[in-house]
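Engineer: First the structure, then my questions, so here it is.
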Amino acid sequence: MDIAGNVSRRVFVTGVFAAVGTTMAPGVAAGWARPHTYVLRARPATLSLGRRTVTTWAYDDILPGPAIEATAGQLVRARLVNELPADTTVHWHGIRIDPRMDGAPGFTQEPTPPGGSFDYVFRVPDPGTYFYHSHVGMQNDRGLYGTLIVADPREPLGYDQEFTVVLDDWLDGIGGTPDDVLRRLNASTAHDATIRSTVLGGVAGELRHPLYLVNGRPPEAPMTFHSRPGRRVRFRVINAAADTAFRVALGGHRMTVTHTDGFPCRPVAVDTFVIGMGERYDFVATLDAGAFPLVATAEGKGARAFAVVRTARRAVAPPSEVKVPQLDGRMLKYGDLNARRADHLARPARTVTVTLGMRPSGNEWTLNGRLSDDPMRLRVERGETIRIVLDNQSPMWHPMHLHGHTFQLRTGTGRSGPRKDTVNIKPRERLNLDVHADNPGEWMFHCHNLYHQEQGMMGALGYG
Ligand code: C2O
Ligand code: CU
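For the sequence shown, the residue numbers in our numbering are 413 to 876.
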């Protein structure tokens, strides 16, 4: 079968779904009926962000890129076609994947050069909410990302409809690129508060138009999710931003968080939760009649991303400021919602410590004292369960992400924390991550703040 000819219409179809921001009610039939072959054309694109038009890089000229859907256990085929003026890769964030398909340049594969293509073919073993993105430099932050939703053929979570909600930040002042921002950051010093607060907290300075996006849409031209009163809706929230954690709330509704990073947790009802870069949270809510703000406040930045959930023709109540109580991944408990995956890890036999540090320059971030040009390489034995003690000795929080695995967070009491692949660690905090080494390869372990990643905070965990 001719892949290219076969695929374009399908990409078009999924692209329309992505643009509408909705997927159909779950069900085995829908999952199987969808095609699982895709073409991702990475290329320069002109996108309209509300009133602003930007020239950037994207997959298939849309933001997010084509929505990829599969059912757990299936093969996904995705042909990357590189029409960029630079090398690129695709990383399948959160998937326990064959390392040759992991898109980690310098670790497991050579990047695809301009004019080249690469066929990613891999099985998706676990249901859940995932995404994909370029893993070269700051390319993810230019817009090279999309959603990857893996349906469960025996979905235990009853719901009527689902929406995928992708959060992003757009910090480069529209005219610039993330690489310009990175260059300015690199040229700054620890004492240069302006650029630092601009990129990592404030909205002042040179970056006059930071935007916070939901499914590629800014607050002035928000995405609308259409539903009906009384429907139980699953929201799959993905943070694809480079530099922003968001506090998420749905006006007038409690949210029951059911999954994090694809894995079920013990359901917990909250008014708001915090999502770090690279994390995913799924929640369900039974919708009232009306139009409700879905608000994602950019932590520490005095701005927000915004969308509308509409079940009736009615004006949207203005979003109120999102308040405590907050929830983040560390407060979740492992849930056996889906018994098939209730695989608690054995007690780890060994502990390794990973220290997160900042060099005095203020623009170099280290793992066990090393920068990514000579990276930390943790060696473990195939088949063992190890405990990684993350010890954050830096003054900033970091969303740490491990490729190819999920880990189990162990909290102080020894109770079972959630299974995750990305976790926010606060300044001066220590966290225990238990990992079962069951997927041999050389796996990146890094901060998902892309500026930190590019400023050195990138290492690896490996075994044969
Ligand atoms: Cu989404 Cu190495 O990361
Ligand atoms: Cu970091």
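By construction, the Cβ of each residue, glycine as well, lies at the ideal position given by its N, Cα and C atoms.
Would DSSP call residue 389 helix, strand or coil?
Structural biologist: Past the boundaries of the shown model lies residue 389; the chain is included only from 413 to 876, so the question cannot be answered.
Engineer: Compute the minimum distance between the beta carbon of residue 690 and the heavy atoms of ligand 3, and state whether it is under 7 Å.
Structural biologist: Annotation note on ligand 3: not contained in the displayed structure, which lists ligand 1 and ligand 2 as its ligands.
Engineer: With 16 as the cutoff for other CB atoms within 10 Å, does residue 839 come out buried or exposed?
Structural biologist: Walking along the sequence shown from the start, residue 839 turns up at place 427. Counting Cβ neighbours within 10 Å, residue 839 comes out exposed, since fewer than 16 surround it.
Engineer: I need the DSSP call for residue 847, collapsed to helix, strand or coil.
Structural biologist: Numbered from its first residue, the sequence shown carries residue 847 at position 435. Here residue 847 sits in strand by DSSP.
Engineer: Counting Cβ pairs closer than 8 Å, one from the stretch 680 to 692 and one from the stretch 859 to 876, do we hit at least three?
Structural biologist: Touching, per the Cβ criterion.
Engineer: Flag residue 864 as yes when its Cβ comes closer than 7 Å to any non-hydrogen atom of ligand 2, and as no otherwise.
Structural biologist: Locating residue 864 in the sequence shown gives position 452, counting from the first residue. Yes.
Engineer: Run through DSSP, which three-state label would residue 502 get?
Structural biologist: On the sequence shown, position 90 is the one that residue 502 refers to. DSSP places residue 502 in coil when its eight states are reduced to three.
Engineer: Bridge partners of residue 517, per DSSP?
Structural biologist: To locate residue 517, count along the sequence shown from 1; it is residue 105. Paired residues: 521.
Engineer: Taking residue 867 as the reference, give the member of 600, 497, 656 with the closest Cα.
Structural biologist: The sequence position of residue 867 within the sequence shown is 455, counting from 1. It is 600 whose Cα lies nearest to the Cα of residue 867.
Engineer: Could you tell me which residues DSSP pairs with residue 759 in its beta bridges?
Structural biologist: Here residue 759 refers to the residue found at position 347 when the sequence shown is read from its first residue. Paired residues: none, contrary to the question.
Engineer: Tell me the residue span of the alpha helix (DSSP H) that contains residue 599.
Structural biologist: Reading the sequence shown from its first residue, position 187 is the one you call residue 599. Note, residue 599: alpha helix (DSSP H), 590 to 599.
Engineer: Check whether the Cβ of residue 869 lies closer than 7 Å to any heavy atom of ligand 2, and answer yes or no.
Structural biologist: Locating residue 869 in the sequence shown gives position 457, where the first residue counts as 1. Yes, ligand 2 has a heavy atom inside 7 Å of this Cβ.
Engineer: Tell me the DSSP secondary structure of residue 486 in three-state form.
Structural biologist: The count along the sequence shown starts at 1 and reaches residue 486 at position 74. Residue state, collapsed to three classes: coil.
Engineer: Using the beta-carbon of each residue, find all residues closer than 6 Å to any heavy atom of ligand 1 and list them in chain order.
Structural biologist: Ordered along the chain, the selected set is 503, 505, 545, 547, 690, 813, 815, 856, 858, 860.
Engineer: What ranges does the beta strand (DSSP E) occupy inside the stretch 519 to 583, keeping only unbroken runs of at least 3 residues that lie completely in it?
Structural biologist: Qualifying beta strand (DSSP E) stretches, in chain order: 529 to 535, 540 to 545, 557 to 563, 573 to 582.
Engineer: Assuming residue 871 contacts residue 857 under a Cβ cut-off of 8 Å, what Cβ separation, rounded to an integer in Å, is found between them?
Structural biologist: Against the sequence shown, residue 871 aligns to sequence position 459. Against the sequence shown, residue 857 aligns to sequence position 445. With 8 Å as the limit, residue 871 and residue 857 qualify as a contact, their Cβ atoms being about 5 Å apart.
Engineer: Beta-carbon within less than 6 Å of residue 640's beta-carbon, same chain only, minus the 5 sequence neighbours each way: which residues are those?
Structural biologist: Locating residue 640 in the sequence shown gives position 228, counting from the first residue. Excluding sequence neighbours, residue 640 sits near 723.
Engineer: Are the beta-carbon atoms of residue 470 and residue 457 separated by less than 8 Å?
Structural biologist: Counting from 1 along the sequence shown, the entry for residue 470 is found at position 58. Counting from 1 along the sequence shown, the entry for residue 457 is found at position 45. Result yes, Cβ atoms of residue 470 and residue 457 sit closer than 8 Å.
Engineer: With distances taken between CB atoms, is the gap from residue 799 to residue 760 smaller than 8 Å?
Structural biologist: In the sequence shown, counting from the first residue as 1, residue 799 sits at position 387. In the sequence shown, counting from the first residue as 1, residue 760 sits at position 348. Yes. Within cutoff.
Engineer: State the Cα-Cα distance for the pair residue 801 and residue 696, rounded to the nearest angstrom.
Structural biologist: The residue given as residue 801 occupies position 389 in the sequence shown. The residue given as residue 696 occupies position 284 in the sequence shown. About 32 Å.
Engineer: Quick check: is any heavy atom of ligand 2 less than 7 Å from the C-beta of residue 810?
Structural biologist: Position 398 of the sequence shown, counting from 1, holds the residue named residue 810. Indeed, a heavy atom of ligand 2 lies less than 7 Å from the Cβ.
Engineer: So, helix, strand or coil for residue 511, using DSSP?
Structural biologist: In the sequence shown, residue 511 corresponds to position 99, counting from 1. Residue state, collapsed to three classes: helix.
Engineer: DSSP three-state label for residue 871, please.
Structural biologist: The sequence position of residue 871 within the sequence shown is 459, counting from 1. Looking at residue 871 - three-state DSSP - the assignment turns out to be strand.
Engineer: Would you mind sorting residue 522 into buried or exposed? The rule is 16 or more other CB atoms within 10 Å of its CB.
Structural biologist: The residue you call residue 522 lines up with position 110 of the sequence shown. Label assigned to residue 522: exposed.
Engineer: Residue 465: buried (16+ other C-beta within 10 angstroms of its C-beta) or exposed?
Structural biologist: Along the sequence shown, one-based indexing puts residue 465 at 53. Exposed: under 16 other Cβ atoms inside 10 Å.
Engineer: Using CA atoms only, rank isn't needed, just tell me which of 834, 577, 519, 463 is closest to residue 636.
Structural biologist: Numbered from 1 along the sequence shown, position 224 holds the residue referred to as residue 636. The candidate whose alpha carbon is nearest that of residue 636 is 577.
Engineer: By Cβ distance, which residues of its chain are closer than 8 Å to residue 632, with the 5 residues on each side in sequence left out?
Structural biologist: The residue given as residue 632 occupies position 220 in the sequence shown. Answer for residue 632: 462, 463, listed in chain order.
Engineer: Use the C-beta contact count for residue 766: other C-beta atoms within 10 angstroms, 16 or more gives buried, fewer gives exposed.
Structural biologist: The residue you call residue 766 lines up with position 354 of the sequence shown. Counting Cβ neighbours within 10 Å, residue 766 comes out buried, since at least 16 surround it.
Engineer: With H, G and I counted as helix, E and B as strand and the rest as coil, what does DSSP make of residue 808?
Structural biologist: Within the sequence shown, the letter at position 396 stands for residue 808. Coil, per DSSP.
Engineer: Going by DSSP, what residues sit across from residue 467 in a beta bridge?
Structural biologist: For this step, residue 467 is matched to residue 55 along the sequence shown. In the DSSP output, where bridge partners are listed per residue, residue 467 has 458.
Engineer: If I'm right that residue 792 touches residue 814 with Cβ under 8 Å, what's the distance once you round it to whole angstroms?
Structural biologist: The residue given as residue 792 occupies position 380 in the sequence shown. The residue given as residue 814 occupies position 402 in the sequence shown. That pair is no contact at about 12 Å.
Engineer: What runs of the beta strand (DSSP E), each 3 residues or longer, lie entirely inside the stretch 623 to 700?
Structural biologist: Listed in chain order, the complete beta strand (DSSP E) runs (minimum 3 residues) inside the stretch 623 to 700 are 623 to 626, 636 to 638, 644 to 651, 658 to 662, 667 to 672, 675 to 682, 685 to 687, 692 to 698.
Engineer: Here's a check: name, in chain order, each residue in its chain whose Cβ is nearer than 8 Å to the Cβ of residue 842, leaving out the five neighbours to either side.
Structural biologist: For the purposes of this step, residue 842 is taken as residue 430 along the sequence shown, with counting starting at 1. Closer than 8 Å at the Cβ level, and outside the excluded window around residue 842, lie 801, 802, 803, 804.
Engineer: Rounded to a whole number of angstroms, what is the C-alpha to C-alpha distance between residue 542 and residue 772?
Structural biologist: Stepping through the sequence shown from its first residue, residue 542 is reached at position 130. Stepping through the sequence shown from its first residue, residue 772 is reached at position 360. Those two C-alpha atoms are separated by around 35 Å.
Engineer: If I follow the unbroken beta strand (DSSP E) through residue 773, where does it start and stop?
Structural biologist: As a working note, residue 773 is residue 361 in the sequence shown. Looking at the DSSP string, residue 773 is not in any beta strand (DSSP E), and its letter there is neither H nor E.
Engineer: What residues in its chain sit with their C-beta under 6 Å from that of residue 873, if we drop five residues either side in the sequence?
Structural biologist: As a working note, residue 873 is residue 461 in the sequence shown. Correct list, in chain order: 790, 855, 857.
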